[in-house]
Amino acid sequence: MNDVPKRRTGGPTRLLIGGACAVLIAVSSVAIANLAHADLSGPPGTTLKAAAERSGRYFGMAMGADRLSDSGFQTIARREFDMLTAVNEMKPDATEPNQGQFNFTNGDRLYNWAVQNGMRVRGHTLAWHAQQPRFWGSLSGSALRTAMINHINGVLAHYKGKMFQWDVVNEAFAENGSRRSSNLQATGNDWIEAAFRAARAADPSTGLCYNDYNIENWTYAKTQGVYNMIKDFKSRGVPIDCVGLQTHFTGGSSLPGNFQTTLSSFAALGVDVVLTEVDVTNASASQYQGLTQACMNVPRCLGITTWGVRDSDSWRSSESPLLFDRNSNPKAAYTSVLNALNAASTTVPGTTTPTSGTPSTSRPPTSTPPTSAPPTSAPATSAPPTSTPVTGQSGACTATYRTVNSWGGGFQGEVIVANNGSSTLNGWTVRLTLASGQTLSQVWNGSNTGTSGAISVRNAEYNGSLGANASTNFGFLVSGSTNTAPSGISCTSP
Ligand code: G3I
């Protein structure tokens, strides 16, 4: 059990269900103790990381080994960031240049620098069509598949228990939502799940992410392709913990109006979401504000990473897409991000002092403590989450409510809508009543009528059809002077 404290709360905990209950309880409580604390009632943060940590989130940056001798970079990085991603140093070509010969020199230099400076590390990446070792190019079929698995095993053995998350597979989808053709894809459509299964077996302590670009717009074919793959993985028990949205709003693309819907829709599949490589053309302050706010509004959005620190660090430096200019000065976008982080109204589930149950999200432990001062004030004293679900039923469907998370002045609720019958339901409506003084501020996976008192939530376009005994869920945020749970819940189907 020596490695138990390093386990994530979610995946392994779920894997243990059916095993010894005593073990389950031990794992959960140890993991909770390792999670960061959130405190929205504390003073606003004056750095990106302090502002993000208020809600249990992180603020990260990508750093190359060449920046280990750049004191200007390091001054900002130490002050503002609490998560590091290696720009190139942990990619397959860097870590296994020759078959079976691993090289972690620069990866370790970056890892050690991060830990010495109170940061955690996201691993990027284990399997990708680009930046492959040269020897992969001469392999195909089962030999290439085996080489990929061996690579995952070799890298994860080296970093076992150390990484917050890994981008296990990077950029495997084409713009039309089908799989991108590549030598890895040619080894069989199951190559992605094979990579995830190998990664889980090699290091059960790290969060396993699928990472891609152009999956920020909910209606875009590629977004839907990735969404469907993750839905399929979750339904078949393929281990996956998170989706990384690269969030390159640059080179012509910009923040879509439905970005938050994308984040909450992925989250509703039971995975965490992370923004992994953010940069925005000319560092538009409004786009940076919008993408940060969207993340803050989705409890399972764990954090944001910018791809570099200053414009001079960017892979597209001519577009000046980062939060700091070439002279290391914060730009207007920096202030908009800082304010949006400080305005967060949701905390990452499991990061506040638990009052009942276990955290509902999967997340690796904090391997190093945050360097900013821990919250000194007591956790929010608002009403604890309801531990007993409230169920309402009317005919064909059942709606079961639970409070997922609460804080001073608001809470996050979830309703599971289940089909009780043996025939498919085509649409559902849940009615519930909010207490006096409460206002509905956001709904995902459903659309609401009314924001106070008696409200109704109809299915979204994509979750109205429920087969026999199938279920779905929607979530919402409520703000108000009390955290009384909704009453009078019922479910009807047309
Ligand atoms: O180190 C060599 C140097 O010795 C040589 O003189 C020079 C000549 O071009 O190349 C240098 O290597 C370059 C390397 O970056 C380090 O600077 C490679 O050519 C160049 O291709 C490589 O680009 C990286 C790119 O991924 C490769 O796909 C970028 O730095 C890196 O920022 C970028 O990161 C990707 C993410 O991994 C995935 N998402 C997109 C993101 C941006 O493209």
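Residue numbers (the UniProt record's numbering): 1 to 494. The beta carbon of each residue, even a glycine, is placed where N, CA and C say it ideally should be.
May I ask you to report which of helix, strand or coil DSSP gives Phe104?
-> Judged by DSSP in its simplified three-state form, Phe104 adopts coil rather than helix or strand.
What are the start and end residues of each continuous alpha helix (DSSP H) run of 4 or more residues lying completely inside the stretch 32-106, in chain order?
-> 48-53, 71-80 and 92-95
In the DSSP assignment, find the alpha helix (DSSP H) that holds Thr292 and state where it starts and stops.
-> Ala285 to Asn297
Between Asn459, Ala460 and Thr439, which lies nearest to Gly450 when the distance is taken from Cα to Cα?
-> Thr439
Over the uninterrupted alpha helix (DSSP H) stretch that includes Ser336, give me the two end residues.
-> Ala332 to Asn342
What is the C-beta distance between Ile455 and Leu477, in whole angstroms, given that I count them as a contact (C-beta under 8 Å)?
-> With a contact defined as Cβ atoms closer than 8 Å, Ile455 and Leu477 miss out at about 13 Å.
Return helix, strand or coil for Tyr220, following the three-state DSSP convention.
-> coil
Sorted by chain position, which residues of the same chain lie with C-beta nearer than 7 Å to Pro239's C-beta, five sequence neighbours on each side aside?
-> Gly11, Phe196, Arg197, Arg200 and Leu208
Since Phe411 is in the beta strand (DSSP E), which residue starts that stretch and which ends it?
-> For Phe411, the enclosing beta strand (DSSP E) stretches over residues Gly410 to Asn419.
Nearest-angstrom beta carbon gap, Thr95 and Gly60 [assumed within contact, 8 Å] | Going by Cβ atoms, the distance from Gly60 to Thr95 rounds to 20 Å, so no, they are not a contact pair.
For Val298, which option in Leu341, Arg310 and Lys231 has the closest C-alpha, if you only look at C-alpha atoms?
-> Leu341
Is Val169 near the ligand G3I, with its Cβ less than 8 Å from a heavy atom?
-> no
Please work out which residues of its chain come closer than 7 Å, Cβ to Cβ, to Glu312, disregarding the five sequence neighbours upstream and downstream, and give them in chain order.
-> Correcting the residue type first, residue 312 is Ser in the shown sequence and not Glu. Arg326, listed in sequence order.
Relative to the alpha-carbon of Trp428, which residue among Pro204, Arg120 and Asn459 has its alpha-carbon at the smallest distance?
-> Asn459
Cβ-based burial, Gly488 [other Cβ within 10 Å; buried from 16] | exposed
For Ile240, write down the residues that DSSP places opposite it in a beta bridge.
-> Paired residue(s): none; Ile240 is not in a bridge.
Which residue from Ser422, Cys397 and Ile304 puts its Cα closest to that of Val121?
-> Ile304
Does the beta-carbon distance from Gly141 to Thr187 come in below 9 Å?
-> yes
Taking 8 Å as the cut-off, is the CB of Gly251 close to at least one heavy atom of the ligand G3I?
-> no
Could you check what DSSP says for Asn153 in three-state terms: helix, strand or coil?
-> It is helical.
Would you report the Cα separation of Met90 and Ile76, rounded to the nearest angstrom?
-> Approximately 23 Å, taken between the alpha carbons.
Since Thr165 sits in a beta bridge, which residues does DSSP pair it with?
-> Residue identity check: residue 165 is Gln in the sequence provided, not Thr. Arg122 and Gly207, per the DSSP bridge assignment.
Could you tell me whether the Cβ atoms of Gly410 and Asn339 are closer together than 9 Å?
-> no
Three-state secondary structure assigned by DSSP to Trp128 = strand
How about the stretch 242-259 and the stretch 270-285: do they share at least three Cβ pairs that are nearer than 8 Å?
-> yes
Might you give, ordered along the chain, the residues of its own chain that have their beta carbon closer than 7 Å to the beta carbon of Pro486, omitting 5 neighbours on each side?
-> So the list reads Tyr401, Gly413, Leu432, Thr433 and Leu434, once near-sequence residues are dropped.
How many angstroms separate the CA atom of Thr281 from the CA atom of Gln287?
-> 9 Å
Taking 9 Å as the cut-off, decide whether the C-beta atoms of Asn419 and Asn469 are in contact.
-> yes
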